[in-house]
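Peer 1:
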Amino acid sequence: MTATGSVSTTAGRERLPAVVWLVGAAAFLTGTSEMIVTGLLPELAARYDVGLGTAGLLVTVFATGMMAGAPIMALATLRLPRRTALVAALIVFAAGHVLGALAPSFALALAGRFLAALATGTFWAVGAVVATTAAGPSAGARAMSVLLGGATLAAIVGVPAGAVAGRALGWQGPFWVLAASALAAAAVLARRLPAVASPAGTTVRGELAAVRHPRLWLIYPATALMQGAVLAVYSYVAPALTDRAGLAPALVPLVMLGFGAAALAGSRFGGRLGDRHPAAVTLGATAACVVLTAAISLGATSPPAAVLLYVLLGVPGMVFAPAMSGQIIGVAGTGHVLPLALSTSAVQVGIALGSWGGGLALESGLGLRGPALVGLAFAVLAAIPVGALALTRRCARAGMIEGRPMAEGA
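Every number in our numbering is 1 more than the matching position in the sequence shown, counting from 1.
1) Taking the straight line between their C-alpha atoms, what separation do you get for Arg394 and Ala280?
2) Helix, strand or coil, according to DSSP, for Arg16 in the structure here?
3) Provide the residue span of the alpha helix (DSSP H) that contains Glu208, from first to last.
4) Helix, strand or coil: how does DSSP classify Ala418 here?
5) Could you tell me whether the region 121-140 touches the region 56-75, using the rule of 3 or more Cβ pairs below 8 Å?
6) Could you give the distance in angstroms between the alpha-carbon of Ala47 and the alpha-carbon of Leu53?
7) Go ahead and pull the three-state DSSP assignment for Ser182.
8) Exposed or buried, His98, counting other C-beta atoms within 10 Å across all chains shown (16 or more means buried)?
9) Does the region 104-116 touch the region 147-166, meaning 3 or more C-beta pairs lie closer than 8 Å?
10) Give every residue of the same chain whose Cβ lies closer than 6 Å to the Cβ of Gly358, excluding the five residues on either side of it in the sequence, and list them in chain order.
11) Quick one: grab the DSSP three-state call for Tyr237.
12) Could you tell me if Arg84 is buried or exposed, where buried requires 16 or more neighbouring beta carbons within 10 angstroms of its beta carbon?
13) Report all residues from its chain with a CB closer than 6 Å to the CB of Gly267; omit the five preceding and five following residues, and keep chain order.
14) Within the chosen definition, does the region 301-311 reach the region 341-361 through at least 3 CB pairs nearer than 8 Å?
15) Please list the terminal residues of the continuous alpha helix (DSSP H) segment that includes His98.
16) Which whole-angstrom value describes the C-beta separation of Gln349 and Ala104, a residue pair presumed to lie in contact below a C-beta threshold of 8 Å?
17) Looking only at C-alpha atoms, which of Leu79, Met36, Gly259, Ile297 sits nearest to Met67?
18) Quick check on the DSSP output: the alpha helix (DSSP H) that includes Glu44 runs from which residue to which?
19) What residue ranges within the region 241-305 form continuous alpha helix (DSSP H) runs of no fewer than 4 residues, ordered along the chain?
20) Is the beta carbon of Ala169 less than 7 Å from the beta carbon of Ala347?
21) With a CB to CB cut of under 6 Å and the five nearest residues on each side skipped, what residues in its chain are close to Ala324?
22) Count the other C-beta atoms from every protein chain shown that fall within 10 angstroms of the C-beta of Ser106, then say buried if there are 16 or more, exposed otherwise.
23) Using 8 Å as the Cβ pair cut-off and three pairs as the minimum, do the region 236-244 and the region 377-396 touch?
24) So, is Thr204 buried or exposed, given that buried needs 16 or more other C-beta atoms within 10 angstroms?
25) List in chain order: all unbroken beta strand (DSSP E) runs of 3+ residues lying wholly within the region 311-375.
26) Under the rule that 16 or more other beta-carbon atoms within 10 Å means buried, what is Leu91, buried or exposed?
27) Using alpha carbons as the reference points, say which of His337, Ala230, Gly368 lies closest to Leu354.
28) Please report the straight-line C-alpha distance between Trp22 and Ala295, rounded to a whole angstrom.
29) To which residues of the same chain is Leu392 closer than 7 Å at the C-beta, ignoring the five residues directly before and after it?
30) Per DSSP, what kind of secondary structure is Ser146 in: helix, strand or coil?
31) What number of angstroms, rounded off, separates the C-alpha of Leu41 from the C-alpha of Gly366?
32) Comparing alpha-carbon positions, which option in Ser326, Val332, Gly388, Ser298 lies nearest Gly368?
33) The alpha helix (DSSP H) with Leu59 in it runs from where to where?
34) Going by the beta-carbon positions, is the gap between Gly259 and Val312 smaller than 7 Å?
Laid out in structure tokens, this is it:
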């Protein structure tokens with residue numbers, strides 16, 4: 002990065018500044034934390050003497066904390082230097098995991114998850130702006146792909162590794178590792194991030210004005226519904242694989258690894274084509290999610306079928322995410338905290354609704370088929386805002402919205 006903070010170039014190709022990769026590395030930790038309990042649900046349910054559906058609230062409460070924390074803390078930290086906000090968020094994140102590891106009751110375990118979630122919401126709200134601002138307007142979507150890549154890598158490496166560590170060291174082990182890693186990341190960011198104050202003139206009113214574009218309010222529900230579709234199924238992957246499909250428990254982390262690898266492939270595909278063909282990418286991802294959740298609800302009753310279907314489920318959500326992030330940046334521009342924070346909230350709304358709805362279905366008469374049926378319902382509903390978004394984009398490109406063609410990235 003140059004002295005002015007612009008993106009440097011090598012051989013005519015833009016190179017993202019180091020700060021983007023630092024924030025992306027920290028995003029790996031938060032992504033690992035968010036979903037790590039999915040591989041530990043049986044152990045956590047036994048530890049606190051609750052049902053699997055109730056234990057799934059540890060996923061739901063994290064999503065709820067991020068949902069509220071991202072926009073609220075984005076506005077609350079507007080005047081703080083962004084380095085200070087990021088470092089403080091990681092310290093609070095570590096404290097939440099210490100509480101989770103030591104909690105003697107399920108209520109305190111939920112409190113620890115909520116505290117970590119508030120910190121994660123703050124990190125994503127501020128970190129997204131730090132990364133996209135450092136990258137500049139021409140590389141904002143690429144910068145967001147690095148953050149999303151960190152979260153995806155968490156699904157590939159962090160979450161399965163946490164599941165293995167939980168079985169080898171006890172379920173508290175992953176919580177202690179995350180707490181220590183977060184403190185180390187905070188020390189690195191405190192040393193390496195430039196001490197730059199928030200931009201002059203940054204106001205709550207300005208942030209609220211940035212989210213008034215009507216297309217954003219199609220993007221947010223579409224994002225929430227797609228996340229809900231995937232997470233209703235994935236939150237209960239362990240009992241579905243072992244109790245319904247008859248897979249050996251020791252193989253569950255390998256399936257989760259496959260899910261993460263498919264998600265990473267989906268992220269790369271969505272990032273590569275999402276800017277050029279956003280309607281085709283998002284409509285295709287939604288259709289694929291409908292097909293996969295329907296197939297899981299009907300046919301994931303043998304190990305080969307279940308493994309294949311659960312692995313493939315990792316593709317649609319992460320094809321969808323970068324295409325939508327690029328559209329948000331195109332509509333709202335870089336430098337604004339609230340539009341990207343609300344995108345984070347939309348993801349968490351979907352995770353919360355998906356994990357909650359999947360848990361209710363799991364403990365109902367639907368049994369182990371229930372989470373997949375809930376995922377199918379969310380995917381079908383997602384087609385409504387996704388289709389409307391594609392239609393408004395087509396109309397805008399024809400000059401039918403606001404009397405002029407829409408910007409290419411919008």
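Idealized CB from N, CA, C, for every residue including glycine.
Peer 2: On the basis of the data shown:
1) 8 Å
2) strand
3) First-last of the alpha helix (DSSP H) with Glu208: 205-211.
4) The chain is shown from 2 up to 411; residue 418 falls before or after that span and cannot be answered.
5) yes
6) 9 Å
7) helix
8) The residue in question, His98, is buried, as its Cβ has 16 or more Cβ neighbours within 10 Å.
9) Contact between the region 147-166 and the region 104-116 is absent: fewer than 3 CB-CB pairs across the two stretches fall below 8 Å.
10) Ala233, Val375
11) coil
12) buried
13) Val316, Met319, Val320
14) no
15) 83-103
16) No, Gln349 and Ala104 are not in contact; Cβ-Cβ is about 22 Å, not under 8 Å.
17) Met36
18) Glu44 -> alpha helix (DSSP H) spans 42-49.
19) 253-274, 279-300
20) no
21) Gly271, Gly275, Pro279, Val282, Thr283
22) With a 10 Å radius around the Cβ and a threshold of 16 neighbouring Cβ atoms, Ser106 comes out exposed.
23) No: the two stretches stay apart, fewer than three of their Cβ pairs being nearer than 8 Å.
24) A residue is called buried when at least 16 other Cβ atoms come within 10 angstroms of its Cβ; Thr204 does not meet this threshold and is exposed.
25) none
26) buried
27) Ala230
28) 37 Å
29) By the criterion of a C-beta distance shorter than 7 Å, Leu392 is surrounded by no residue of its chain, once the five residues flanking it on both sides are discounted.
30) In the structure shown, Ser146 sits in a helix (DSSP, three-state: H, G or I).
31) 24 Å
32) Cα-wise, what sits closest to Gly368 is Ser298.
33) 58-77
34) Yes, the Cβ-Cβ distance between Gly259 and Val312 is below 7 Å.
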